[in-house]
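A.B. asks:
Residue numbers (full-length UniProt numbering): 1 to 310.
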C-alpha cells in the first residue's frame with residue numbers, strides 16, 4: 001500500500017482577497033514541493049465533492065444554510081469580522097476539502113492506502129459547529145472524525161493538531177463526545193484564546209499542550225513526548241487524523257514558535273508509531289495553516305515524506 005494525496009484545482013479558487021494570508025499561493029507552494037521526483041511513489045487522486053450530509057455530521061443545519069446563502073456570484077462575502085471570507089469559488093473549495101477528508105477515511109479503512117494526505121484549502125480547524133472563523137469555513141478534520149464514527153462504525157477516533165493556533169472548532173465539536181478525541185499543541189496565549197490545559201472534555205477526551213512564544217525544538221519535543229503522545233496511546237484510537245498545520249515553523253510571519261523542518265518530521269513519525277500500535281497504521285493527514293510559503297513547502301514535504309517512508 002502507498003500514500004494517497006488528494007487535491008483539486010477548485011481549492012485554488014477560494015480567493016479571500018489581495019493581501020489575505022490564506023491565499024491560493026499557499027496550496028500552489030505545497031503542490032510544487034510535492035510534484036517532484038522524490039514523491040513519485042505517492043498516488044494522486046482528485047478530491048471528490050463532499051456532501052451536505054457529511055458536513056451536517058459536525059455543523060448545524062442553520063449554519064450550513066447560512067454558508068450556502070452567503071456564497072457570492074462575484075466579489076467577496078465576509079462570514080465573520082473579515083478574517084473568513086467567501087469568494088465565488090469558495091463553496092466548491094470547502095466541499096472538496098470535506099470530500100477529500102472523507103474519501104481519505106474510506107481509503108485507509110478499505111485498505112486502499114496505508115495513509116493519506118489532503119492537499120486542500122482553506123483550512124478548517126477554527127470552524128465551530130455553528131460558525132466560521134479564523135480563515136475556516138467548514139471543519140474537515142472534525143467532519144472526517146465524525147464520518148469515521150458514523151459511517152465506518154469506529155468506536156474511538158483521534159484528531160491530533162500541531163498547528164500553531166488552537167483548533168477551537170474541533171475542540172468544540174468533540175467536547176461532549178467521548179468517542180472522539182482531540183489533542184492540540186499550540187502557541188499560548190494566542191489566537192483564538194482557547195486551548196488551556198484545564199479544557200479536558202467530557203471524559204478527558206481533550207488534551208491541550210500550550211507552548212510559550214519562542215518555543216524551540218527541545219521544548220516542543222519535551223512537551224509532546226510528556227503530555228500528548230501518552231494521552232493518544234491511552235485513548236487507543238482506531239483511526240488517527242492529523243490537522244497538519246505548519247505555521248509553528250520558525251519562518252512563519254503570523255506566529256511566534258521556532259520549530260524546524262526536522263521537528264515536523266519527528267512529530268509525524270511519533271504519531272505514525274502510535275498509529276501502528278493502535279490502528280494498523282491508519283492515518284489521514286489534512287493540511288491546515290502555514291503562511292510562510294518557504295516554510296510551508298519544506299515542512300509539508302518532510303511531513304509527506306515521513307508518511308511515504310512508513
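Ideal Cβ placement from N, Cα and C applies to all residues, glycine included.
Are the beta-carbon atoms of residue 122 and residue 20 separated by less than 8 Å?
C.D. replies: On the chain shown, residue 122 is found 122 positions in, with the first residue counted as 1. On the chain shown, residue 20 is found 20 positions in, with the first residue counted as 1. Cβ atoms of residue 122 and residue 20: not closer than 8 Å.
A.B. asks: I need the straight-line Cα distance from residue 12 to residue 188, nearest angstrom please.
C.D. replies: For the purposes of this step, residue 12 is taken as residue 12 along the chain shown, with counting starting at 1. For the purposes of this step, residue 188 is taken as residue 188 along the chain shown, with counting starting at 1. Taking the straight line from one Cα to the other gives about 31 Å.
A.B. asks: My parser needs the alpha helix (DSSP H) runs of 4 or more residues fully inside the segment 86 to 167; what are they?
C.D. replies: Qualifying alpha helix (DSSP H) stretches, in chain order: 90 to 109 and 140 to 150.
A.B. asks: Going by the CB atoms, is the gap between residue 192 and residue 208 shorter than 8 Å?
C.D. replies: Numbered from 1 along the chain shown, position 208 holds the residue referred to as residue 208. Numbered from 1 along the chain shown, position 192 holds the residue referred to as residue 192. No, they are not a contact pair.
A.B. asks: Identify the continuous alpha helix (DSSP H) that holds residue 269 and give its terminal residues.
C.D. replies: Translated into the one-based positions of the chain shown, residue 269 becomes position 269. Unbroken alpha helix (DSSP H) run through residue 269: 261 to 279.
A.B. asks: What is the residue span of the alpha helix (DSSP H) that residue 65 lies within?
C.D. replies: Position 65 of the chain shown holds residue 65. That run of the alpha helix (DSSP H) goes 61 to 70.
A.B. asks: When the Cβ atoms of the segment 102 to 112 are set against those of the segment 79 to 92, are three or more pairs found closer than 8 Å?
C.D. replies: Output reads no: the segment 79 to 92 does not touch the segment 102 to 112.
A.B. asks: In angstroms with no decimal places, state the Cα-to-Cα distance between residue 288 and residue 243.
C.D. replies: In the chain shown, residue 288 corresponds to position 288, counting from 1. In the chain shown, residue 243 corresponds to position 243, counting from 1. Between residue 288 and residue 243, the C-alpha separation is close to 6 Å.
A.B. asks: Between the C-alpha atoms of residue 152 and residue 267, what's the straight-line distance to the nearest angstrom?
C.D. replies: By one-based count along the chain shown, residue 152 stands at place 152. By one-based count along the chain shown, residue 267 stands at place 267. Those two C-alpha atoms are separated by around 27 Å.
A.B. asks: Per DSSP, residue 6 forms a beta bridge with which residues?
C.D. replies: Walking along the chain shown from the start, residue 6 turns up at place 6. DSSP lists 45 and 118 as partners of residue 6.
A.B. asks: Go ahead and pull the three-state DSSP assignment for residue 185.
C.D. replies: For the purposes of this step, residue 185 is identified with residue 185 of the chain shown, where counting begins at 1. Residue state, collapsed to three classes: strand.
A.B. asks: Would you kindly work out how many angstroms separate the C-alpha atoms of residue 41 and residue 299, rounded to a whole number?
C.D. replies: Counting from one through the chain shown, the residue named residue 41 turns up at place 41. Counting from one through the chain shown, the residue named residue 299 turns up at place 299. One C-alpha to the other measures close to 19 Å.
A.B. asks: So, using beta-carbon positions, are residue 70 and residue 1 closer together than 8 Å?
C.D. replies: Indexing the chain shown from 1 puts residue 70 at position 70. Indexing the chain shown from 1 puts residue 1 at position 1. No, these two residues do not count as a Cβ contact at 8 Å.
A.B. asks: Tell me the start and end of each unbroken beta strand (DSSP E) in the segment 199 to 246 that is at least 3 residues and wholly inside, in chain order.
C.D. replies: Complete beta strand (DSSP E) runs here, min 3: 206 to 211 and 239 to 244.
A.B. asks: Determine the DSSP secondary structure at residue 302, reduced to helix, strand or coil.
C.D. replies: Residue mapping note: residue 302 aligns to position 302 of the chain shown, counting from 1. In this structure, residue 302 counts as helix in the three-state DSSP scheme.
A.B. asks: Starting from the Cα of residue 147, find the closest Cα among 68, 136 and 102 and give me that residue.
C.D. replies: Walking along the chain shown from the start, residue 147 turns up at place 147. Ranking 68, 136 and 102 by Cα distance to residue 147 puts 102 first.
A.B. asks: Using the rule of at least 16 other Cβ atoms within 10 Å of the residue's Cβ for burial, across every protein chain shown, is residue 73 buried or exposed?
C.D. replies: The sequence position of residue 73 within the chain shown is 73, counting from 1. The residue is exposed, with fewer than 16 neighbouring Cβ atoms inside 10 Å.
A.B. asks: Looking at the structure shown, is residue 254 part of a helix, part of a strand, or coil, going by DSSP?
C.D. replies: One-based indexing of the chain shown puts residue 254 at position 254. Here residue 254 sits in coil by DSSP.
A.B. asks: Which of helix, strand or coil does DSSP assign to residue 16?
C.D. replies: What you label residue 16 is simply residue 16 of the chain shown in a count that begins at 1. Correct three-state label for residue 16: coil.
A.B. asks: Mapping the DSSP letters down to three states, classify residue 287 as helix, strand or coil.
C.D. replies: Translated into the one-based positions of the chain shown, residue 287 becomes position 287. Three-state result, residue 287: strand.
A.B. asks: Three-state secondary structure (DSSP) at residue 37?
C.D. replies: Residue 37 sits at position 37 when you count from the first residue of the chain shown. Three-state DSSP puts residue 37 in a helix.
A.B. asks: Label residue 159 either buried or exposed according to how many other C-beta atoms from any shown protein chain fall within 10 Å of its C-beta, with 16 as the threshold for buried.
C.D. replies: Here the question's residue 159 lines up with position 159 in the chain shown. It is buried - the Cβ of residue 159 has at least 16 other Cβ atoms within 10 Å.
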